[in-house]
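Number of protein chains: 2
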Amino acid sequence: MDIATRVYNHKWKIDPIVRSLIDTDFYKLLMCQSVFRNKPDTQVTFSLINRSTHIPLADLIDEAELREQLDHIRSLGLSRGESTWLRGNTFYGKRQMFRPDFMEWFEALRLPPYHLERRGDQYELTFEGSWPEVMLWEIPALAVLMELRGRAVLNRMGRFELQVLYARAMTRVWEKIERLRELPTLGIADFGTRRRHSFMWQDWCVQAMREGLGKNFTGTSNCLIAMRREVEAIGTNAHELPMVYAALAESDAELAQAPYDVLSDWHDEHEGNLHIILPDTYGTQGFLDNAPDWLTSWTGIRIDSGDPVKGAETAIAWWRARGEDPRSKRIIFSDGLDVDKIIELHRRFDGRVNVSFGWGTLLTNDFRGLVPNDALAPFSLVCKAVAANGRPTVKLSDNPEKAMGPPEEIERYKRVFGVGEQERLAVVV
Amino acid sequence: MDIATRVYNHKWKIDPIVRSLIDTDFYKLLMCQSVFRNKPDTQVTFSLINRSTHIPLADLIDEAELREQLDHIRSLGLSRGESTWLRGNTFYGKRQMFRPDFMEWFEALRLPPYHLERRGDQYELTFEGSWPEVMLWEIPALAVLMELRGRAVLNRMGRFELQVLYARAMTRVWEKIERLRELPTLGIADFGTRRRHSFMWQDWCVQAMREGLGKNFTGTSNCLIAMRREVEAIGTNAHELPMVYAALAESDAELAQAPYDVLSDWHDEHEGNLHIILPDTYGTQGFLDNAPDWLTSWTGIRIDSGDPVKGAETAIAWWRARGEDPRSKRIIFSDGLDVDKIIELHRRFDGRVNVSFGWGTLLTNDFRGLVPNDALAPFSLVCKAVAANGRPTVKLSDNPEKAMGPPEEIERYKRVFGVGEQERLAVVV
Numbered sequence: 047m048d049i050a051t052r053v054y055n056h057k058w059k060i061d062p063i064v065r066s067l068i069d070t071d072f073y074k075l076l077m078c079q080s081v082f083r084n085k086p087d088t089q090v091t092f093s094l095i096n097r098s099t100h101i102p103l104a105d106l107i108d109e110a111e112l113r114e115q116l117d118h119i120r121s122l123g124l125s126r127g128e129s130t131w132l133r134g135n136t137f138y139g140k141r142q143m144f145r146p147d148f149m150e151w152f153e154a155l156r157l158p159p160y161h162l163e164r165r166g167d168q169y170e171l172t173f174e175g176s177w178p179e180v181m182l183w184e185i186p187a188l189a190v191l192m193e194l195r196g197r198a199v200l201n202r203m204g205r206f207e208l209q210v211l212y213a214r215a216m217t218r219v220w221e222k223i224e225r226l227r228e229l230p231t232l233g234i235a236d237f238g239t240r241r242r243h244s245f246m247w248q249d250w251c252v253q254a255m256r257e258g259l260g261k262n263f264t265g266t267s268n269c270l271i272a273m274r275r276e277v278e279a280i281g282t283n284a285h286e287l288p289m290v291y292a293a294l295a296e297s298d299a300e301l302a303q304a305p306y307d308v309l310s311d312w313h314d315e316h317e318g319n320l321h322i323i324l325p326d327t328y329g330t331q332g333f334l335d336n337a338p339d340w341l342t343s344w345t346g347i348r349i350d351s352g353d354p355v356k357g358a359e360t361a362i363a364w365w366r367a368r369g370e371d372p373r374s375k376r377i378i379f380s381d382g383l384d385v386d387k388i389i390e391l392h393r394r395f396d397g398r399v400n401v402s403f404g405w406g407t408l409l410t411n412d413f414r415g416l417v418p419n420d421a422l423a424p425f426s427l428v429c430k431a432v433a434a435n436g437r438p439t440v441k442l443s444d445n446p447e448k449a450m451g452p453p454e455e456i457e458r459y460k461r462v463f464g465v466g467e468q469e470r471l472a473v474v475v
Numbered sequence: 047m048d049i050a051t052r053v054y055n056h057k058w059k060i061d062p063i064v065r066s067l068i069d070t071d072f073y074k075l076l077m078c079q080s081v082f083r084n085k086p087d088t089q090v091t092f093s094l095i096n097r098s099t100h101i102p103l104a105d106l107i108d109e110a111e112l113r114e115q116l117d118h119i120r121s122l123g124l125s126r127g128e129s130t131w132l133r134g135n136t137f138y139g140k141r142q143m144f145r146p147d148f149m150e151w152f153e154a155l156r157l158p159p160y161h162l163e164r165r166g167d168q169y170e171l172t173f174e175g176s177w178p179e180v181m182l183w184e185i186p187a188l189a190v191l192m193e194l195r196g197r198a199v200l201n202r203m204g205r206f207e208l209q210v211l212y213a214r215a216m217t218r219v220w221e222k223i224e225r226l227r228e229l230p231t232l233g234i235a236d237f238g239t240r241r242r243h244s245f246m247w248q249d250w251c252v253q254a255m256r257e258g259l260g261k262n263f264t265g266t267s268n269c270l271i272a273m274r275r276e277v278e279a280i281g282t283n284a285h286e287l288p289m290v291y292a293a294l295a296e297s298d299a300e301l302a303q304a305p306y307d308v309l310s311d312w313h314d315e316h317e318g319n320l321h322i323i324l325p326d327t328y329g330t331q332g333f334l335d336n337a338p339d340w341l342t343s344w345t346g347i348r349i350d351s352g353d354p355v356k357g358a359e360t361a362i363a364w365w366r367a368r369g370e371d372p373r374s375k376r377i378i379f380s381d382g383l384d385v386d387k388i389i390e391l392h393r394r395f396d397g398r399v400n401v402s403f404g405w406g407t408l409l410t411n412d413f414r415g416l417v418p419n420d421a422l423a424p425f426s427l428v429c430k431a432v433a434a435n436g437r438p439t440v441k442l443s444d445n446p447e448k449a450m451g452p453p454e455e456i457e458r459y460k461r462v463f464g465v466g467e468q469e470r471l472a473v474v475v
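If you read the sequences in order, they're chains G and F. For any residue, its number in my numbering is found by taking its place in the first sequence, counting from 1, and adding 46. For any residue, its number in my numbering is found by taking its place in the second sequence, counting from 1, and adding 46.
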């Protein structure tokens, strides 16, 4: 036993869930740099949204503990080693992905205040301030809520019961990995930071994926794990960019243009495998139909809502219609994946297009069925930009279950983007 | 990381499998004391017998490694703390179970030489010398062979593959324990030292049993684990006593008397829950039919071969015929148990008699089906007294598959003990 380590650990007042500002998704940092350059003064509000309203978060999580964890995150600053890694590491084949002016700002950053209030059996948790600062709350806030809810269950368990719980969860992850080994041309990354069971568990999953899948494991979205385990940091961009750009639009014409403005800014900053279109914010079909020609040269499309087969077929048909060879393009699936769906999608699209997978919650938090009342099963918790410069944001996506925003604004967006009837699909995580 | 511990561990030339003279079964020490008192000068030969001849031990285990492990065992002496524990601990409710003269002898003991030779794809491993010394080789020799055979498989596995192997094995043990929790009046002990997967694994199983079963877990046969984990050390006596006593008999009349002589010596030394009859060495039915009246007052009977239901019914009928109330008696099942059989036997006999279980190999080494070719599955390896003062020993038991000795001697014993046709039952472990 290492006595000093044990004594040191017992000196912590809390067991912090998030211990680093780069314990977050890589794409958050890419987007943050883009926002820092293009829209630094935008004032935004991010808000927690529990889409699984049957999970009474405020009954399960002690408010004081939640505040302690969030306060701890506010105390975090970029460490020297983290800064050196971000400045010097190669990301997507490129050195100095993060520019010196952004890094100087990031090195001085502390996360802004949060607003927390109990409302019935749920928490209202919001973050307000300048976009590049506030946006960095999303991932750690979600990770804290997910893990605190889990800890309440784990605290009641015995030592061996816990060991067996993790033994079962490990076995399950490994059995999934063993099935994925049957796909020799697979390319898959960990996208599971936000709704993970815990940091240590995500770290274990990444290492198991690396040992089990070898080069077919392409990396992790988690920067801290990527740095420590020396694997690729993976990620491109997310819905918050078109959502905020759209909210800032002064007219319907500007609104219709907003999603392309996002990618135009991105186009100038990035290249190659970072040129990935996320087309579903206001409906994939309309987005692609009206896309400018320069977008057809982009490397790929990420499918993050709706029926993934339909989404991928739409993308392939669009490339073909625009004279592009889909076999030179990439499709990244990232919505609610588990091993059956991964295998099915890979078998269906491998060879027709380059296929990648961003595997999230059901990689890093599949504790379904392992404790009574399924009290460790993951659920659909998100933290989204809900307003920008005082105006509400809207998301439609290719699944009305994932839509958000005031009803009258949703109707306006549907009209502007020409979105008709959509297939309604259950959202598990 | 504790640097000093890591450096210290790397200084070991080998990773010793047996690190203590009390990493052995408690009943070995009880029997050793009895032999030390009653038959100290008997010269015996113990020999390894691999009943699973399809397992080519000499191909699987490197001879040099085996010698290193056996040599290490010969370097072991009783530590001061181990001696203090044996002298001062309460065993079966009694202090000073081990007499000062025995302890002085034991404290000075080093195990005698071994003889090892490769014969085809098997090893011939024998131990010769005075009975109280040689008999202590049995358990560590078996544990070394079992674990070396396992290590050859484990050495080829990756880090996470190993972790998942143990995760699966832990889950399996825990699921067995969860099923045993359904029996509120269960009494069960670990008897799994000799054919365990490894010491650390047995130690884990004992702790899991303690957490999972609480007071229904009655202890372990392993003295080192009993000492370290502060649980009861469990065990009474084994076949080697009647086998050697029988081999020493000068006539058929003395032979017929030998099994009772063993228990007569035992009767003088012990009482209560140590008064357990092991009746099957030369056939249970004959043993009980011809038993002297004082044996009916003994506490219980251990069933270690043959159909356990039949064995228990025979015991109950015997007690009834001798005017004893079976509900005041104890039956200990210890032959090839796994959870289904334990539940079945408990349900059948609980209430009619006090029931206990000594759960061995399928508690501490159930790695069946967890690696390719089932290369970690336990098998039937024993180490037995094969000669005493130059005469061969014989064991019949209630299952001809477990019989041993020269054929003509087996026939003589069958005649002397009146053993007729026996039911042949497969021996797994």
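Think of the CB as a built atom: it goes at the ideal place given N, C-alpha and C, for glycine as much as any other residue.
Span of the beta strand (DSSP E) around residue i
i, result
"histidine 161/F", "160-165"
Residue i (DSSP reduced to helix, strand or coil)
i, result
"tyrosine 54/G", "helix"
"aspartate 87/F", "coil"
"phenylalanine 82/G", "helix"
"lysine 74/F", "helix"
"threonine 330/F", "helix"
"lysine 59/G", "coil"
"leucine 155/F", "coil"
"serine 310/F", "helix"
"asparagine 419/F", "helix"
"phenylalanine 425/G", "coil"
"leucine 67/F", "coil"
"isoleucine 49/F", "helix"
"glycine 265/G", "strand"
"alanine 299/G", "helix"
"aspartate 104/F", "This sequence places alanine at residue 104/F; aspartate is not what is there. Residue state, collapsed to three classes: helix."
"arginine 97/G", "coil"
"phenylalanine 476/F", "No information on residue 476/F is available, as it lies outside the stretch 47 to 475 that chain F covers here."
"alanine 472/F", "coil"
"arginine 120/F", "helix"
Per DSSP, the bridge partner or partners of residue i
i, result
"proline 438/G", "Ala433/G"
"glutamate 170/G", "Glu163/G"
"phenylalanine 403/F", "Ile234/F and Phe379/F"
"glycine 466/F", "DSSP output for glycine 466/F lists no bridge partner at all."
"phenylalanine 92/F", "Phe173/F and Ala431/F"
"isoleucine 323/F", "Ile347/F"
"phenylalanine 137/F", "Lys140/F"
"alanine 279/F", "Thr266/F"
Residue i Cβ short of 8 Å to the ligand PLP heavy atom set
i, result
"glycine 166/F", "Absence of the ligand PLP from the depicted structure is noted, as is the absence of any ligand whatsoever, leaving it without description."
Residue i, enclosing alpha helix (DSSP H) - first and last residue
i, result
"alanine 449/F", "Alanine 449/F -> no alpha helix (DSSP H), and no H or E assigned at all."
"serine 129/F", "126-134"
"aspartate 108/F", "Note, aspartate 108/F: premise wrong, no alpha helix (DSSP H); not H, not E."
"tyrosine 291/G", "286-293"
"arginine 275/F", "269-275"
"tryptophan 177/G", "177-180"
request  = With 9 Å as the limit, tell me which residues of the stretch 226-252 of chain G have their beta carbon closer than that to any beta carbon of chain F; keep them in chain order.
outcome  = Trp250
task = For the stretch 192-213 of chain G, enumerate the residues whose C-beta is nearer than 8 Å to any C-beta of chain F, in chain order.
result = Gly204, Arg205, Phe206, Glu207, Gln209, Val210, Tyr212 and Ala213
request  = Give, in chain order, every unbroken run of the beta strand (DSSP E) that is at least 3 residues long and sits entirely within the stretch 336-398 of chain F.
outcome  = 346-349 and 376-379
request  = Go through the stretch 193-262 of chain F residue by residue and report every complete run of the beta strand (DSSP E) that reaches 3 residues or more, in order.
outcome  = 234-236
inquiry  = By the 7 Å beta-carbon criterion, what residues does the stretch 423-434 of chain F contribute toward chain G?
reply    = none
ask   = Which residues, in order along the stretch 251-279 of chain F, keep a beta-carbon less than 8 Å from a beta-carbon of chain G?
value = Gln253, Ala254, Glu257 and Gly258
Positions along the stretch 150-173 of chain G whose CB lies within less than 9 Å of some CB in chain F = none
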